[in-house]
Structure formats: C-alpha cells, structure tokens
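Structure record follows, encoded as structure tokens.
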Amino acid sequence: MRGRGGRVSEDQPVPAEATESPARPETPESPESPASAGEAPGGGSGRPSFVRRLLRSRTARAVTAAGLAGALLGAGAVAWRTDTLPLLGPAPCWDSLGDASVSGLFGDRRIEVDEQSLGNARQGDGLSYGQCRITSFKDDRALRQVTVNVHQLDGLRGTDSTRWPQEFLAAGMASLGEELPGMVSASRGWLALPQGCTGRGDLSGPTVVEIGMGRAGLDLSSDLATEDRDALTDALVDAANGVIRSFGCSGSYPSPRTLPSVASWQDSDAAALCGTKGFALPPAYRKELSRTRTGAGDAGPARICEVGGDYREPVARLTTVVDPALAEIFSSDSLRSGASVKGTTGYGKTTGGRAVYRASCQTGPVVFVVEQLRQTAKGGFTLTDELLPGYVAAEAERIGCGPQKLTLPSA
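In this text, residue positions in the sequence shown follow my numbering: the first is -19, and each later residue adds one.
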C-alpha cells in the first residue's frame, strides 16, 4: 500500500488519559529469543540493506543517553527525537517503521518514541510482550499518538475474550487479505505473526502485533477514515515484519491488497439481517433496530455485524470467527461462564447479555458470538437469546458448517 499519500487527518491534542494504550501489557523482563523459528509469507529476510537504512532521512536520530532514558522511561525503553543530533540510529519500533509509514501517520512533525524491548511475560507463561509508543508534536503540544503492542492472545484464562474484541473485532474493521491474517480500521489494527515463528499452545490464541490510534471506534468521515486506515495498515505491516526479524525468523508479509470501502451504517434488511440469508430480525425489534453495519467481508478471519438505531450506537454485535487460532480466545467463555447451550456439533454458554457458541466444522473450530451492548426499549437483556439460534443456524449455512440447531437453557 505504498505511495497512497494523502494528507494526515486533522489531529487534536493528546489528553493525559490517552497515554494509556489499548490492552497495554506489563513491562517485560530482558529480551528472550523465541524457542522456534519459522517463515512468514513472501520468503527472504525482508530486512532493509545498510545502504537503504543509511539513506533514510528519518533514521538520522539521536538516542537519549542511557542514564536519562533509564530515569525517564524505565528499563528497556528507548526514546528518539527527530530534531536532535544527526546520528545514525534504528527506525522506530524495533527498527521496523519505514519513512513512508512514519510520514503517513505523522507527516513532517517532530516525533518522540518510547520503546520497550521485546521479551516474555514475567510470569513465565511464554506470552510475548513488547510495546512502542510514538507521539507527534506541534511546538510543545502533543497532537497524535500511536501505540504498537505485541502479545499472545489468551484463551485459557479468557483475559482477551471481552475487551480485545471490543476494540479489534468491531464492525469497522476490514480484512487485510488472504496472505495477511489480520484486520484494520481507522483507529485499530492487528496482524497475527506466523505460528512457525512464535509457536502456539492449546487454548491459546495467536501472537499478534496490534496498532492503535486515538479512541477505538471513533466515527470519522469516509475520506478521513480511509486515509487513517491506510496509514495504520502500512505501519502495521512494517511493524509485524520488524517483529518477525527481531524474533529471529525469516520471511516477511507482503503489502496488503486494496482494502474495501469503509463500512457504513445501512438500513436493516429484516429478512436477512447482517446480509445473512435466512437470519430474520424478530418483529418486536424491527423499528428500533433499523440500522446495521457489517465489516471484514466474507473472506477474513472474522465477520462482524453491529445492529442499532438512528444514533449510530450499536445495540447488539454479532461475530463469526472462522480463523481456528483466533477462535481460541473464546475457549473459556464457551466452557465456563453462564448457562449451557447445546447444538448439533457444538456447545456454548449464555449469560443473558452475551452468548458464545463453538461449533466443530470441516475447517476447524468456529465461534459465534452474540452480544447485547445496551438495553432495548423492551428493557432488560433478552435480545441475545432471541437472536442466537437464528444467527448460528444462518451463519453456519453461509460458511458451510450447517446445519446447526441450538437448544437454549429455557427450551
């Protein structure tokens, strides 16, 4: 997606609370090499030559003195400023972000980078952690902040089954394409690293590189959303390739395909809600739930549909996760929390406001999630159980995993 250019959307000063990044990991201990190495799609090391790195105008940076960095940023953190001494240094975020990616996000503004070394969690459970935060400035005022995180999504304990999907599995996300197992929006993006490089245990999700900018789900005009999404996509792929190199693995991800148009709210089709044939919206909700927004397309790791009214605030979110590794982040929810749901080739749980059903399909495990995000005019949280059986049955047919007939606890 190089060469798309375009202006950087108008930024607002970064508030103090914005320094907290999405799903921020704990500070890692000293860096460790992964136990195994593998190849990413594309082949080759993907590392820029020394001459190319030398010629990058924005890689002429000064690294803050070790004592000052330790005092200001803590162990493992490094800072850059683009307006300091012209010494050759690494690119931001583990020597990964190229000039085009940095310029696409920040233009020609001064930036500062706080970077943690890549390593493993202190608990010793093998979860990889690392964080890099880039802030741009106009004079002394912070304007835009982008955070890159690296960690393995957790399925065993269920710690990534709620908050992470709210930010990274939303209807505004678009699939990056077949060779890029990830998704991106105007404010969030993620890309799974090759399992041959990172490894993955039972009930564990993939190790992902995440990128976040501003508030998740911020509603922008279509033009601004497209520009920001394109800029985040370039930076995300650069960062993932840099992490692959840092982990000692070969190969690199290619530049993504042209992304589809930014998902927008449309009038609901009551007979085929979320564009899914055979999934009808119950008559009692047809006036209130008159708008839908469906993202990610049919070929991505997940398909997400949000249903709401006239105020662009979703009342319900319906998600189908077809990527087997990603589906594992819901393992705990489908087994441990709520009343049992039985199905033709699967099982699940429902808690009233949230239901998770896991089916065994030819391609591996597929997870269907129905969430009620706020009350309807009827009051209470009954929408989840009313939508779940029809949603699972229709979506299972769409993806070739049918028939799926569910039995709810009250049935």
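The beta-carbon is built from N, C-alpha and C at its ideal position, and this holds for glycine as well.
Only a predicted model underlies this, so the values are computations on that prediction, with no experimental measurement involved.
Close beta carbons around residue i, own chain, < 8 Å, minus the five adjacent residues each side
{"i": "Ala150", "result": "Ser165, Arg168, Ala196, Gly197, Gly275, Ile284, Glu286 and Arg297"}
{"i": "Ser248", "result": "Leu261, Arg266, Leu269, Ser270, Arg271, Thr272 and Val287"}
{"i": "Phe117", "result": "Arg89, Arg90, Ile91, Glu92 and Leu123"}
{"i": "Gly289", "result": "Glu268, Leu269, Ser270, Arg271 and Val295"}
{"i": "Pro389", "result": "Ala319, Ser320, Val321 and Thr330"}
{"i": "Pro72", "result": "Trp60, Val82, Ile91, Val93, Glu95, Cys112 and Ile114"}
{"i": "Ser244", "result": "Ser202 and Arg273"}
Whole-Å CB distance - residue i paired with residue j, under 8 Å assumed
{"i": "Val189", "j": "Val128", "result": "7 Å"}
{"i": "Gly277", "j": "Ala154", "result": "7 Å"}
{"i": "Asp440", "j": "Ser201", "result": "Here the chain has residues from -19 to 391 only, and residue 440 is not among them."}
{"i": "Leu368", "j": "Leu386", "result": "7 Å"}
{"i": "Thr300", "j": "Ile379", "result": "7 Å"}
{"i": "Val336", "j": "Ser314", "result": "5 Å"}
{"i": "Phe227", "j": "Thr178", "result": "7 Å"}
{"i": "Leu171", "j": "Leu216", "result": "5 Å"}
{"i": "Ala305", "j": "Gly326", "result": "At roughly 18 Å, the Cβ-Cβ gap does not stay under 8 Å, so Ala305 and Gly326 are not in contact."}
{"i": "Ala211", "j": "Gly84", "result": "4 Å"}
{"i": "Arg292", "j": "Asp182", "result": "Not a contact, Cβ separation roughly 40 Å."}
{"i": "Leu160", "j": "Arg209", "result": "14 Å between Cβ atoms; not a contact."}
{"i": "Ala307", "j": "Val372", "result": "Between Val372 and Ala307 the Cβ distance is about 14 Å, and since that is not below 8 Å, they are no contact."}
Residues of its chain near residue i, where Cβ-Cβ distance is below 7 Å and the 5 sequence neighbours each way are ignored
{"i": "Pro5", "result": "Summary for Pro5: the model assigns pLDDT 38, below 50, so the residue's position carries little reliability; its value from the coordinates is reported in the next sentence. Closer than 7 Å at Cβ, skipping near neighbours: Tyr109, Gln111, Asn129 and His131."}
{"i": "Thr206", "result": "Val242"}
{"i": "Val280", "result": "Per the sequence presented here, residue 280 reads as Gly, with Val not at that position. Result list for Gly280: Ser155 and Met163, in chain order."}
{"i": "Thr331", "result": "Ser317 and Gly318"}
{"i": "Thr256", "result": "Ala374, Glu375 and Arg378"}
{"i": "Leu353", "result": "Pro294, Val295, Ala296 and Arg297"}
{"i": "Asn221", "result": "Gly26, Ser76, Ser232 and Tyr233"}
{"i": "Cys324", "result": "In the sequence on display, residue 324 carries Thr and not Cys. These residues qualify, in order along the chain: Pro383, Gln384 and Lys385."}
{"i": "Glu158", "result": "Ala279"}
{"i": "Ala251", "result": "Ala260"}
{"i": "Lys328", "result": "Strictly speaking, residue 328 in this sequence is Gly, with Lys absent from that position. These residues qualify, in order along the chain: Ser314, Val321, Ala335, Val336, Tyr337 and Arg338."}
{"i": "Arg180", "result": "Pro186 and Ala305"}
{"i": "Phe344", "result": "Here the sequence assigns Gly to residue 344, which means Phe is not the residue at that position. Pro304."}
{"i": "Ala219", "result": "Cys73, Ser76, Leu77, Val128, Val189 and Ile191"}
First and last residue of the uninterrupted beta strand (DSSP E) at residue i
{"i": "Ile309", "result": "No beta strand (DSSP E) contains Ile309, which DSSP labels as neither H nor E."}
{"i": "Gly289", "result": "Here Gly289 belongs to no beta strand (DSSP E), and DSSP marks it neither H nor E."}
{"i": "Ala319", "result": "Ala319 to Lys322"}
{"i": "Gly162", "result": "Gly162 to Val164"}
Beta-ladder partner(s) of residue i, from DSSP
{"i": "Phe117", "result": "Arg90 and Ala122"}
{"i": "Ile191", "result": "Val128 and Gly169"}
{"i": "Pro294", "result": "Gly288"}
{"i": "Arg273", "result": "Glu286"}
{"i": "Glu158", "result": "Per DSSP, none; premise fails for Glu158."}
{"i": "Val301", "result": "Ala282 and Val347"}
{"i": "Gln83", "result": "Before going on, a small fix: residue 83 reads as Ser here, not Gln. DSSP, once it has assigned bridges, lists no residue as partnering Ser83."}
{"i": "Ser184", "result": "Asp134"}
{"i": "Asp247", "result": "Arg271"}
{"i": "Thr387", "result": "Lys322"}
6 Å Cβ shell around residue i - same chain, five flanking residues per side excluded
{"i": "Glu366", "result": "Pro262"}
{"i": "Gly382", "result": "Ala376"}
{"i": "Ser312", "result": "Gly138"}
{"i": "Cys341", "result": "Cys381"}
{"i": "Leu253", "result": "Phe259 and Leu261"}
{"i": "Ile309", "result": "Leu133, Gly135, Asp140, Ser141 and Gly185"}
{"i": "Thr115", "result": "Glu92, Ala122 and Gln125"}
{"i": "Phe361", "result": "Gly332, Gly333 and Gln352"}
{"i": "Val349", "result": "Thr299 and Val336"}
{"i": "Asp303", "result": "Pro281"}
{"i": "Gly370", "result": "Phe259"}
{"i": "Thr187", "result": "Ser108, Gln132, Leu173 and Thr178"}
{"i": "Arg237", "result": "Gly157"}
Enclosing alpha helix (DSSP H) for residue i [first to last residue]
{"i": "Val223", "result": "Ser202 to Ser226"}
{"i": "Glu147", "result": "Arg143 to Phe148"}
{"i": "Trp74", "result": "Pro72 to Asp75"}
{"i": "Cys254", "result": "Looking at the DSSP string, Cys254 is not in any alpha helix (DSSP H), and its letter there is neither H nor E."}
{"i": "Gly176", "result": "Gln175 to Thr178"}
Check: residue i C-beta below 6 Å from any heavy atom of the ligand MG
{"i": "Thr139", "result": "Ligands in the displayed structure: none, and consequently the ligand MG is not present."}
Original post:
Which parts of the segment 326 to 384 are runs of the beta strand (DSSP E), unbroken and 3 residues or longer, counting only runs that do not cross its ends?
Top reply: Entirely contained in the segment 326 to 384, the beta strand (DSSP E) runs reaching 3 residues are, in chain order, 326 to 330, 334 to 341 and 344 to 352.
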